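To start, the structure itself, in structure tokens.
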């Protein structure tokens with residue numbers, strides 16, 4: 017190879033690699049772009065007896081995870097078959113720009129509402145839906161208190177139903193405490209998609225549950241604030257009886273190497289704030305490293321629990337997003353339910369925890385296939401023109 | 018140059034790399050290869066880097082810049098995984114069957130890429146970008162943008178990268194194939210003639226198109242092997258790599274390619290690829306040791322800096338020698 021060619025190629029490659037490094041390698045689980053933001057499929061609507069067919073767009077960032085697939089199956093295979101509605105899922109949304117572009121496309125196609133399972137920029141999602149007159153609901157995660165206060169009065173913001181940030185923290189804390197009580201002394205931690213708020217709160221909870229401090233702090237607010245600031249967990253700031261031997265986050269070209277490095281440090285347990293059951297179950301099982309995750313009760317996780325590699329799962333059941341559909345459906349039909357203060361509904365959902373196969377199966381079997389926990393009969397009790405906030409609140413709190 | 022001197026020169030970079038990195042690790046109370054697991058990872062990564070570097074250099078040495086290597090690895094492995102799963106449902110023998118199917122799929126994809134280049138007669142960099150987009154689109158269509166997981170998560174695939182043995186066998190097989198094909202066959206002689214002087218070679222009657230197609234076919238087949246190794250190692254295949262998301266795999270091969278070019282002055286270039294891959298794998302193992310303090314972004318920057326430094330040396334070694342003598 018002559019020197020001139022070598023120089024040119026070298027300069028191009030060095031520049032490209034530097035730019036790529038700047039962009040980061042631990043990319044989100046599934047990459048997309050503004051162009052990908054187009055709805056995954058053209059909606060095929062059926063006509064109601066009233067002549068009005070509902071069309072709901074769903075924003076998703078994760079198209080591969082066990083939890084995401086469980087949610088999708090529930091909407092597309094159960095709700096869609098039992099109600100006159102069509103759900104139109106986006107491809108994997110990787111950025112706030114993708115989310116905005118997807119909402120604009122839903123609006124241009126005359127959709128009635130948007131349900132969000134993507135959280136790059138919830139504020140912008142609400143603003144965009146308000147701008148285009150689309151009803152908007154959050155089915156995964158919630159706004160922080162400040163954001164909720166700002167947007168709760170928006171005309172098209174219907175609801176947020178899911179674990180609150182405090183619940184996320186407690187879920188992580190319970191996981192950390194479980195392993196600390198088991199006598200574990202060395203753990204590895206997977207931060208999933210920090211700075212995604214729900215993952216930040218879960219990670220802060222795990223540290224607290226393990227009895228660790230972060231930057232000298234041991235309360236939720238201070239730890240969460242520092243993690244947001246660090247955009248991850250800085251191991252040099254962690255101290256406590258349980259040693260955090262490795263930390264990784266994101267999912268991309270370098271994740272396998274990072275996981276390999278974590279395994280080489282021989283942790284006694286691998287704790288995750290989400291998605292480990294999707295990406296790492298096989299490897300961790302092969303290496304006989306017990307792991308824990310915050311995910312959902314799915315068939316794949318059932319296998320991991322049965323094999324003994326998955327020791328702890330704090331999960332949602334797939335039909336837990338049923339009430340969000342009910343409220344959106346009501347809003348489209350003209351019954352926009354507001355809370356007692358006249359604002360968008362905000363309800364908390366807790367996690368179910370399984371540490372053995374029997375408990376896991378109890379939740380899994382009860383929320384499976386044609387008989388989900390939020391089945392048609394249950395949802396019908398909160399769908400209709402006479403349904404009130406108290407009806408919805410009572411039902412959600414009872415599950 | 019005498020044979021012992023050639024051997025010393027060829028081994029200089031890997032040995033210096035090992036000494037420097039091991040010293041760094043020892044200063045922190047650790048070792049580059051700390052246990053059997055890290056040795057397994059070391060050999061598997063060596064195999065991936067060596068084969069990728071070979072696939073890249075086959076065409077690049079002839080002035081054909083091929084951006085589609087990553088997409089060929091991804092698509093061939095997805096095809097291999099889907100067909101294998103359809104036949105064996107993740108049962109015994111999944112890994113070797115997937116390896117064979119991916120290899121064949123890679124050869125076909127490489128031939129399509131080469132044929133496109135030969136027919137269109139456009140600059141190879143343009144053609145390869147177009148081919149990349151098409152292959153990424155096919156990947157996306159097959160997978161719906163999702164990760165391919167259940168198809169590659171089985172005991173057979175785990176075993177493929179769970180031990181150093183299979184990776185070492187693959188290294189030996191690929192090395193032998195490349196040395197025989199490029200140094201001992203008529204195709205190899207033609208390839209080297211075309212590389213050294215295209216116009217003269219064509220004037221002597223060498224079929225340039227045929228040679229190019231075989232190059233693309235071999236390159237694609239090698240990326241099929243890389244795709245399978247990556248699938249086994251990552252336990253997933255990313256089906257959502259749109260808009261050149263797959264080209265990153267190519268960048269892992271540039272530094273070892275230049276290192277191999279240097280080592281190739283003293284020994285067979287293919288041995289140079291292996292030694293360069295060993296250097297990169299040592300670096301990767303060191304990153305694993307320091308993973309808590311050197312994050313992924315920092316690792317990419319270190320790789321880029323090393324590439325630039327090495328290129329500066331390659332292009333100015335005569336000047337450096339003169340300065341040292343003065």
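Protein chains in written order, with the working numbering: chain A, 17 to 415; chain B, 18 to 343.
Note that CB positions come from ideal geometry on N, CA and C, so glycine has one too.
Keep in mind that this is a model prediction, so the values were computed, not measured.
A straight line joining the alpha-carbon of residue 301(B) with that of residue 59(B) spans about 8 Å. Under a criterion of Cβ atoms nearer than 7 Å, the residues of chain A adjacent to residue 250(B) are, in order, 272. The segment 42-61 of chain B makes no contact with the segment 111-126 of chain B, as fewer than three CB pairs between them are under 8 Å.
Listed along chain B, the residues sitting closer than 7 Å to residue 262(A) by beta-carbon distance are 308 and 309.
Residue 329(A) has a beta carbon lying at 8 Å or more from every beta carbon in chain B.
Neighbours of residue 304(B) in chain A, taken as residues whose beta carbon is under 8 Å from its own, are 273 and 277 in chain order.
Judged by DSSP secondary structure, residue 329(A) falls within the beta strand (DSSP E) whose first and last residues are 326-332. With a cutoff of 8 Å on beta-carbon distance, residue 101(A) and residue 119(A) are scored as not near each other. Scanning chain A for C-beta atoms nearer than 8 Å to the C-beta of residue 149(B) yields nothing, as the closest lies near 14 Å away. Taking the CA atoms as reference points, residue 260(A) sits about 14 Å from residue 307(A). Collapsing the DSSP output to three states places residue 255(A) in a strand. Taking the Cβ atoms as the reference, residue 205(A) lies roughly 15 Å from residue 190(A), outside the contact range of under 8 Å. Per the Cβ contact rule, the segment 255-275 of chain B is not in contact with the segment 188-202 of chain B (fewer than 3 Cβ pairs under 8 Å).
For residue 117(A), no Cβ of chain B is located within less than 8 Å of the residue's own Cβ. Taking each of 89(B), 178(B) and 269(B) in turn and checking the Cα distance to residue 299(A), the smallest one comes out for 178(B).
Residue-level contact by beta carbon holds for residue 299(A) and chain B, with a gap shorter than 8 Å. Restricted to the segment 263-308 of chain B, the alpha helix (DSSP H) segments that are unbroken, complete and at least 4 residues in length are 265-268, 271-280 and 286-306, listed in chain order.
In the three-state scheme derived from DSSP, where H, G and I count as helix and E and B as strand, residue 79(B) is classed as coil.
Annotation: residue 223(A) has no Cβ neighbours in chain B at a cutoff of 9 Å; minimum Cβ distance is about 15 Å. Counting the other Cβ atoms within 10 Å of the Cβ of residue 153(A) gives 16 or more, which makes it buried.
When the Cα atoms are used, residue 39(B) and residue 305(B) turn out to be separated by approximately 13 Å. By the 16-neighbour rule on beta-carbons within 10 angstroms, residue 197(B) is exposed. Where residue 368(A) is concerned, the enclosing beta strand (DSSP E) starts and stops at 368-370. Between the alpha carbons of residue 140(A) and residue 134(B) lies a gap of roughly 45 Å. By the criterion of a C-beta distance shorter than 6 Å, residue 303(A) is surrounded in its chain by 279, once the five residues flanking it on both sides are discounted.
Within chain A, no C-beta atom comes nearer than 9 Å to that of residue 215(B); the closest sits roughly 13 Å away. Residues of chain B with a Cβ closer than 8 Å to the Cβ of residue 217(A) do not exist, since the nearest Cβ in that chain sits about 22 Å away. Taken atom to atom, the span from the alpha-carbon of residue 168(B) to that of residue 296(A) is near 15 Å.
Boundaries of the alpha helix (DSSP H) harbouring residue 189(B): 181-200, taken from the DSSP string. For residue 352(A), there are no neighbours in chain B by C-beta distance under 8 Å, as the nearest C-beta there is about 34 Å away. Contact annotation: the segment 196-204 of chain A touches the segment 225-241 of chain A, with at least three C-beta pairs closer than 8 Å.
In the same chain as residue 217(B), and ignoring 5 residues on each side of it, the C-beta atoms closer than 8 Å to its own belong to 210, in chain order.
Nothing from the segment 198-209 of chain A brings a Cβ to less than 8 Å from some Cβ of chain B. Residues are counted here when their Cβ sits less than 8 Å from a Cβ of chain A; for the segment 200-226 of chain B the count is zero. Minimum Cα-Cα distance from residue 172(B) among the listed residues 91(B), 238(B), 108(B) and 294(B) corresponds to 108(B). 51, 52, 54, 55 and 58: these are the residues of the segment 41-61 of chain B whose beta carbon lies less than 7 Å from some beta carbon of chain A, given in chain order.
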